[in-house]
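First residue of the sequence shown? That's 61 in my numbering, and the numbers climb one at a time after it.
Ideal Cβ positions, reconstructed from N, Cα and C, are used throughout, including at glycine.
Here the structure is laid out as structure tokens; the discussion comes afterwards.
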Amino acid sequence: SSRFGSIHVSSKAGALRRPDPDRILFVPRKPALAESKHTFEQMARTGFVASASLIHNNLAISPGGWTACVHNSVNVGGGKLMLYSISSGQSRAGPEVSQVTSVRYLDIGAGAVLCVSSTNGTQVYNEDASTLLFFAPITDGGEAPDVQKGHQAACFVPGLQHIVIGTSKGSLVLVHAAAADAFLAMPESAPASATTEISDLCFSPVTQTVFTAHSNGEIRLWAPSPQGAYSNADAMLGNGQAPVRILPLGTRLLVAYGPGTICLYDALSRELQVELTAHARWITGVTAREELGQVASVGEDTVLNVWNIDPSSGRVVLQHTSVVADKLLTGVAFTQAGASVAAYDSDEIYQVTF
61 SSRFGSIHVS SKAGALRRPD PDRILFVPRK PALAESKHTF EQMARTGFVA SASLIHNNLA
121 ISPGGWTACV HNSVNVGGGK LMLYSISSGQ SRAGPEVSQV TSVRYLDIGA GAVLCVSSTN
181 GTQVYNEDAS TLLFFAPITD GGEAPDVQKG HQAACFVPGL QHIVIGTSKG SLVLVHAAAA
241 DAFLAMPESA PASATTEISD LCFSPVTQTV FTAHSNGEIR LWAPSPQGAY SNADAMLGNG
301 QAPVRILPLG TRLLVAYGPG TICLYDALSR ELQVELTAHA RWITGVTARE ELGQVASVGE
361 DTVLNVWNID PSSGRVVLQH TSVVADKLLT GVAFTQAGAS VAAYDSDEIY QVTF
């Protein structure tokens, strides 16, 4: 153990074995404010027009510098999409929303679009959310009785120009994005067998596969098809915990599980390569720069951790850790200077440099 945390060695079998230097990871503990490189006063302050709601990954930044976040409300007309322009420094309220489950920017080649999924379906907006480009509604049937209907998470398959959206049935909703103003609904893709709702999904360019992470910890693989109707080709076992985020990292697949664990799998063999205890409490947001092997995570422990993952060895190094604010963090996104972080019940956007 050290002042930064304790050493953790991952083993698929769970048994003790001789430590491999490439698999020894620091488990960061919550740093004291005096130890944190970036205390509250050292962070630049910006803000939204309302407070951020408690949903996973409740922050997204577009290539053009638009920052999006969601304020849900139980009152009719009270929910809103919130936007902040990094270039102008201006905040504004976007379209009215209801019970949003995820917010995500996708680069569809012709520009960035903002996918906002909710219990009603998925709205696809232009980059600054001033124009609704497409709406994919929910379809009836297939959910367990105790599961709320809705969509959650979106990714993009560039070779086919498909936006892929997860559902509470464990199925995929597909939208063909032929151009910035041309969208077409495609047949929904059903799972090969009964499963739980999709918590997150991603497209792996290396394997040309869509991976879906389900609320029961299961990870499913889908083979894309130009005509739609993706085939649920296979499945792999996760660690049995509820996933928060799944992301491609070159030849690897990152899965962040709510209770605080981040796992790296080989995207081809699907073997677990690295497992690290990333946070002391529930993980609420994860993002990655795939081309740099850089990952940022935030959690209920008020901490932002930034990890560097070597593309060849898979060795993980903790680049940065800091207490962002004495609040429950709910979203993180990379910026040119570092990262932006959102916190539950706060309208501030915390800008952390590293």
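- In the DSSP assignment, V366 is bridged to A356, H380.
- Counting along the chain, the unbroken beta strand (DSSP E) around L234 starts and ends at 232 to 239.
- N135 counts as exposed, since fewer than 16 other beta carbons sit within 10 angstroms of its beta carbon.
- The C-beta distance from I409 to F108 rounds to 7 Å, short enough to fall under 8 Å.
- The beta carbons of V304 and F263 sit no closer together than 8 Å.
- Taking C-alpha positions only, D386 is separated from A242 by approximately 44 Å.
- Taking C-beta atoms under 8 Å as the contact rule, Q411 and T106 qualify, at a distance of about 6 Å.
- The segment 328 to 337 makes no contact with the segment 346 to 357; the number of CB pairs closer than 8 Å stays below 3.
- Between L261 and T269, the C-beta gap is not smaller than 8 Å, which leaves the two residues out of contact.
- Taking 8 Å as the cut-off, the beta carbon of G353 is found no closer than this to the beta carbon of W342.
- With a cutoff of 8 Å on beta-carbon distance, I369 and V363 are scored as not near each other.
- DSSP lists V217, H236 as the beta-bridge partner residues of H222.
- A293 is the residue among A293, N276, V366 whose C-alpha sits nearest the C-alpha of A283.
- The criterion of a C-beta distance shorter than 8 Å is satisfied by L143 and T127.
- Sixteen is the threshold: when 16 or more other Cβ atoms of the shown chains lie within 10 Å of the Cβ of S357, as they do, the residue is buried.
- A buried status is given to F216, since no fewer than 16 other beta-carbon atoms sit within 10 Å of its beta-carbon.
- Beyond the five residues adjoining it in sequence on each side, G181 comes within less than 7 Å, by CB distance, of F195, A196, P197, I198, H211 in the same chain, given in chain order.
- If you draw a straight line from the Cα of L174 to the Cα of D206, it comes to about 29 Å.
- In this structure, the alpha-carbon of Y185 lies about 27 Å from that of L314.
- Closest in alpha carbon position to H339, among W367, R312, A254, is W367.
- S400 counts as buried, since no fewer than 16 other beta carbons sit within 10 angstroms of its beta carbon.
- Within a 10 Å sphere around the beta-carbon of V157 sit 16 or more other beta-carbons, which makes this residue buried.
- Annotation: the continuous beta strand (DSSP E) that includes L174 extends over 172 to 178.
- Short of 8 Å from the beta carbon of R312, and not among the five residues preceding or following it, lie these beta carbons of its own chain, in chain order: L324, Y325, D326, A327, Q333, I369, G374.
- For Q208, the closest alpha carbon among the candidates K229, A237, L389 is that of K229.
- Assigned with DSSP and collapsed to three states, M246 falls in coil, not helix or strand.
- For S111, the three-state secondary structure derived from DSSP is coil.
- Between the beta-carbon of G154 and that of A189 there is about 4 Å, and that keeps the pair under the 8 Å contact cut.
- For K140, DSSP records a beta bridge to H131, E156.
- The distance from the Cβ of A393 to that of I168 is about 18 Å, inconsistent with a contact at the 8 Å cut-off.
- Apart from the 5 residues on each side of it in sequence, H222 sits with its Cβ closer than 8 Å to the Cβ of F216, L234, V235, H236, A237, M246, P284, G288 in its chain, given in chain order.
- In this structure, the CA atom of Y317 is about 8 Å from the CA atom of G277.
- Straight through space, the alpha carbons of T413 and S253 are spaced by roughly 45 Å.
- By the Cβ-count criterion, G124 is exposed, with fewer than 16 other Cβ atoms from all chains shown falling within 10 Å of its own Cβ.
- Here P265 is exposed, its C-beta having fewer than 16 other C-beta atoms within 10 Å.
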